[in-house]
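Data first, discussion second: the structure below is written as structure tokens.
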Amino acid sequence: MPDWPLTTGEKYLNQHIAKKFNRTFDGRLHKSSDWSPDIAMTIAQDEGIHLTKAHWDVICLARDYYFTYSVSPILKLLKCEIARNFSAEKTSDEAIYSLFPNGIQFQLSRIAGIPIPLLDSELGQHSLVKQIETKPASQHYRDSFKFKGKQIKVYPIGNLVNMENWTEGLAIHLAEKEGITLNNAHWVVLNYLRKFYFQYGITPMVKILMKHMGEELGECVSDRELLYRLFPEGPSRQGSRIAGLPAPQGCIDNQ
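Quick note on our numbering: the sequence shown kicks off at 13 and runs consecutively.
Structure, rendered in structure tokens:
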């Protein structure tokens, strides 16, 4: 990746290349497949940024994350990746905003050619309901139901509308509805899902769940085969329903 002042000719070439591709009103690429380093440099130049190696390190990290997990990294998760791949010193707000003054949510993602990273609360479940299809044989609730005298609302995909309704007793009931009797191994996963959500603001899709659980709790509890024995319809998708959390973004549980 270039890390030197561009000549007038190089700037013209980058601008000429960029004009071949359609951008949205806020400067984002219509198609992420159009992205290239030249396009990134032009978008950055439009925003007054000269890309250095430090910029490219973060850009490449964000793109790798997106194409690995099918979801753009929110700030906290990006910081984890920066610390893991480079150093903790580079994860401070000052260090990140010195590179991308307008923040990673809009500026970094725009330059990196990936979708805007959103917390689950910002995204809302209505958009995920349209994306996710559950198996006809799935036994989860698809509408409101009564539990201990209280009406509990769920989305058609089975996740709670109001997370504050969740209790361990409700989790046991939801699991039984899906043919699962919760044991200690199930609770390790459910508690970790809830811990991750309240720490980062998103429900982890399966690859992210396995990665972070493996790092924190050991590979013995994050083993793929074990997780799918516990939650046959997917440790993230089915697990999120029972854990009282939003459905995971970018979740393809069978991958």
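Backbone N, C-alpha and C fix where the C-beta goes; we use that ideal spot for every residue, glycine too. Given the structure is predicted, the values throughout are model-derived calculations rather than measurements.
Here's the rule I'm using: 16 or more other beta-carbon atoms within 10 Å means buried, otherwise exposed. How should D132 be labelled? For the purposes of this step, residue 132 is taken as the residue at position 120 of the sequence shown. By the 10 Å Cβ count, D132 comes out buried.
With I220 as the anchor, note down where its beta strand (DSSP E) starts and where it stops. As a first step, residue 220 is located in the sequence shown; it is residue number 208 there, counting from the start. First-last for I220: V218 to L229, but that is the alpha helix (DSSP H), not the beta strand (DSSP E).
Limits of the unbroken alpha helix (DSSP H) element including K88: In the sequence shown, counting from the first residue as 1, residue 88 sits at position 76. Note, K88: alpha helix (DSSP H), L87 to N97.
Locate the alpha helix (DSSP H) running through F157, then write down its first and last residues. The residue you call residue 157 lines up with position 145 of the sequence shown. It is not in any alpha helix (DSSP H) - F157 instead sits in the beta strand (DSSP E) that spans F157 to F159.
In whole angstroms, what separates the C-alpha of K142 from that of F79? Here residue 142 refers to the residue found at position 130 of the sequence shown. Here residue 79 refers to the residue found at position 67 of the sequence shown. Interpretation of K142 is limited by its pLDDT of 49, a score under 50 that renders its predicted location unreliable; no figure is taken from the coordinates.
DSSP three-state label for G251, please. By 1-based counting over the sequence shown, the position of residue 251 is 239. Correct three-state label for G251: helix.
Could you spell out where the beta strand (DSSP E) holding K162 opens and where it closes? The residue given as residue 162 occupies position 150 in the sequence shown. Here the beta strand (DSSP E) through K162 covers K162 to I164.
CA-to-CA distance, I51 to M218, given in whole angstroms: Start at 1 with the first residue of the sequence shown, and residue 218 comes out as number 206. Start at 1 with the first residue of the sequence shown, and residue 51 comes out as number 39. According to the sequence provided, residue 218 is Val. The question's Met does not apply to it. The straight-line gap from Cα to Cα measures roughly 32 Å.
Which of helix, strand or coil DSSP assigns to L238: As a working mapping, residue 238 is identified with position 226 in the sequence shown. Here L238 carries a helix assignment [DSSP, helix/strand/coil].
Test item: CB-CB of I214 and Q250 under 8 Å: Residue mapping note: residue 214 aligns to position 202 of the sequence shown, counting from 1. Residue mapping note: residue 250 aligns to position 238 of the sequence shown, counting from 1. Not in contact: I214 and Q250 (Cβ atoms no closer than 8 Å).
From what residue to what residue does the alpha helix (DSSP H) around M175 run? Within the sequence shown, the letter at position 163 stands for residue 175. For M175, there is no enclosing alpha helix (DSSP H), as DSSP marks it with neither H nor E.
Start-to-end residues for the alpha helix (DSSP H) that takes in Q57: Against the sequence shown, residue 57 aligns to sequence position 45. Unbroken alpha helix (DSSP H) run through Q57: P49 to D58.
Using the Cα positions of T179 and H185, report the straight-line distance between them to the nearest angstrom. The count along the sequence shown starts at 1 and reaches residue 179 at position 167. The count along the sequence shown starts at 1 and reaches residue 185 at position 173. So the two alpha carbons sit approximately 10 Å from each other.
Buried versus exposed call for S252 [16 or more other C-beta atoms within 10 Å across all chains shown]: Stepping through the sequence shown from its first residue, residue 252 is reached at position 240. Counting the other CB atoms within 10 Å of its CB gives S252 a total of 16 or more, which places it among the buried residues.
Does the region 97-107 touch the region 183-198, meaning 3 or more C-beta pairs lie closer than 8 Å? Result no; under three Cβ-Cβ pairs closer than 8 Å.
Between L205, A124 and F159, which has its C-alpha nearest D45's C-alpha? Within the sequence shown, the letter at position 33 stands for residue 45. Rather than Asp, the amino acid found at residue 45 in this sequence is Ser. Nearest option by C-alpha distance: A124.
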